[in-house]
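For the sequence shown, our numbering assigns the number 12 to the initial residue and increments by one for each residue that follows.
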Amino acid sequence: DERAVARFNSSRELFRSLIREHPSFEGAREKHKVALLDVCAGTGIAASAMAKALSEEGIETKITAVDARKSDLLKIEEWLKFAGLKSVEFEIIAADAEELPDMLKGNYDVILIWGSSMPHFDPWSAAKIIAGIKELSNRDSVLLIEQRDIKSKLLLANQFRRILIEGAVEENGSAISPS
Numbered sequence: 012d013e014r015a016v017a018r019f020n021s022s023r024e025l026f027r028s029l030i031r032e033h034p035s036f037e038g039a040r041e042k043h044k045v046a047l048l049d050v051c052a053g054t055g056i057a058a059s060a061m062a063k064a065l066s067e068e069g070i071e072t073k074i075t076a077v078d079a080r081k082s083d084l085l086k087i088e089e090w091l092k093f094a095g096l097k098s099v100e101f102e103i104i105a106a107d108a109e110e111l112p113d114m115l116k117g118n119y120d121v122i123l124i125w126g127s128s129m130p131h132f133d134p135w136s137a138a139k140i141i142a143g144i145k146e147l148s149n150r151d152s153v154l155l156i157e158q159r160d161i162k163s164k165l166l167l168a169n170q171f172r173r174i175l176i177e178g179a180v181e182e183n184g185s186a187i188s189p190s
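Next comes the structure, spelled out in structure tokens:
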């Protein structure tokens, strides 16, 4: 699908510029391998785009992709092949995003909620998901949410060390600017 390929490419470009330039990615830039958690992963476009961007910087990735729809998750391997990442280690988990801390043990370096998934959750569920992500994060973790209407109060209440909330970038519609 042309739109899916365009989405992959624009996400990869945004991720690559963030990895190279944004201070929040300093910890990831110092590692040889990062643990990537993609929440509400769908078919894995965002995880594959992030893994590709990281690989272009010489950083390996281990992907954990979580989504309620197992049939969508099964397509992640196709996206990794499309990205030229045939040897990336990945795990798929078909489950509710609210159950993250009960399902996973981890110290994830990069966490994605990409593709405007947040509107699927009421405020209590969204808060539970963000709190669960915090439990799976480390001091230098980066959380990227593609959602324009998420309230900073929800994020700030979880005491992330750094938060970048900006308007959309006109060129690619992203929720975070690469500057």
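Built from N, CA and C at the ideal position, the CB exists for glycine as well.
Could you give the first and the last residue of the continuous alpha helix (DSSP H) run that contains L111?
Working through the sequence shown from its first residue, we reach residue 111 at position 100. DSSP places L111 inside the alpha helix (DSSP H), whose first and last residues are 111-114.
Among residues of its own chain, excluding the 5 on either side of E13, which ones have a beta-carbon nearer than 8 Å to its beta-carbon?
For the purposes of this step, residue 13 is identified with residue 2 of the sequence shown, where counting begins at 1. Exclusion of the five residues before and after E13 leaves no residue of its chain whose Cβ lies closer than 8 Å to its Cβ.
Give every residue of the same chain whose Cβ lies closer than 8 Å to the Cβ of I140, excluding the five residues on either side of it in the sequence, and list them in chain order.
Along the sequence shown, read from residue 1 onward, the residue named residue 140 stands at position 129. The beta carbon of I140 lies closer than 8 Å to those of V50, A108, E109, L111, I124, F132 in the same chain, with the five residues before and after it left out.
Can you find at least 3 beta carbon pairs, one from the stretch 63-77 and one from the stretch 86-102, that sit closer than 8 Å?
The stretch 63-77 is in contact with the stretch 86-102.
Check each candidate in A57, D78, E32 and name the one with the smallest Cα separation from E157.
Along the sequence shown, read from residue 1 onward, the residue named residue 157 stands at position 146. Out of A57, D78, E32, A57 has the C-alpha closest to the C-alpha of E157.
Which of the three DSSP states is assigned to F101 in this structure?
The count along the sequence shown starts at 1 and reaches residue 101 at position 90. In the three-state reduction of the DSSP assignment, F101 falls in the strand class, which pools E and B.
Bridge partners - V16, DSSP secondary structure assignment
In the sequence shown, residue 16 corresponds to position 5, counting from 1. The partner list for V16 (beta bridge, DSSP) is empty, contrary to what the question assumes.
I need the DSSP call for R40, collapsed to helix, strand or coil.
Here residue 40 refers to the residue found at position 29 when the sequence shown is read from its first residue. Three-state DSSP puts R40 in a helix.
When DSSP builds the beta bridges, which residues end up paired with E67?
In the sequence shown, counting from the first residue as 1, residue 67 sits at position 56. Under DSSP, E67 shares a beta bridge with no residue.
Just to confirm before moving on: does the CB-CB distance between F36 and L29 stay below 8 Å?
Locating residue 36 in the sequence shown gives position 25, counting from the first residue. Locating residue 29 in the sequence shown gives position 18, counting from the first residue. The answer is yes: Cβ separation under 8 Å.
Could you check whether S22 and A60 sit closer than 8 Å to each other, using their CB atoms as the reference points?
By one-based count along the sequence shown, residue 60 stands at place 49. By one-based count along the sequence shown, residue 22 stands at place 11. A60 is a Cβ neighbour of S22, given a cutoff of 8 Å.
Is the separation between the beta-carbon of A106 and that of I70 shorter than 8 Å?
In the sequence shown, the residue the question calls residue 106 occupies position 95. In the sequence shown, the residue the question calls residue 70 occupies position 59. Taking 8 Å as the cut-off, the beta carbon of A106 is found no closer than this to the beta carbon of I70.
I think N149 touches D113, with their Cβ atoms under 8 Å apart; what is that distance to the nearest whole Å?
As a working note, residue 149 is residue 138 in the sequence shown. As a working note, residue 113 is residue 102 in the sequence shown. For N149 against D113, the beta-carbon gap comes to about 19 Å, at or over 8 Å, which does not count as contact.
Can the beta-carbon of G117 be found closer than 8 Å to that of A46?
Taking the sequence shown and counting its residues from 1, one reaches residue 117 at position 106. Taking the sequence shown and counting its residues from 1, one reaches residue 46 at position 35. Taking 8 Å as the cut-off, the beta carbon of G117 is found closer than this to the beta carbon of A46.
Excluding five sequence neighbours on each side, which residues of the same chain lie with their C-beta closer than 6 Å to the C-beta of K42?
Numbered from 1 along the sequence shown, position 31 holds the residue referred to as residue 42. Counting only Cβ-Cβ distances below 6 Å, and skipping sequence neighbours, we find nothing.
Starting from the C-beta of T54, find all residues in its chain whose C-beta is less than 7 Å away, skip the five residues before and the five after it, and write them out in chain order.
Within the sequence shown, residue 54 is the residue found at index 43, counting from 1. Taken in chain order, the residues that qualify are D83, K86, I87, W90.
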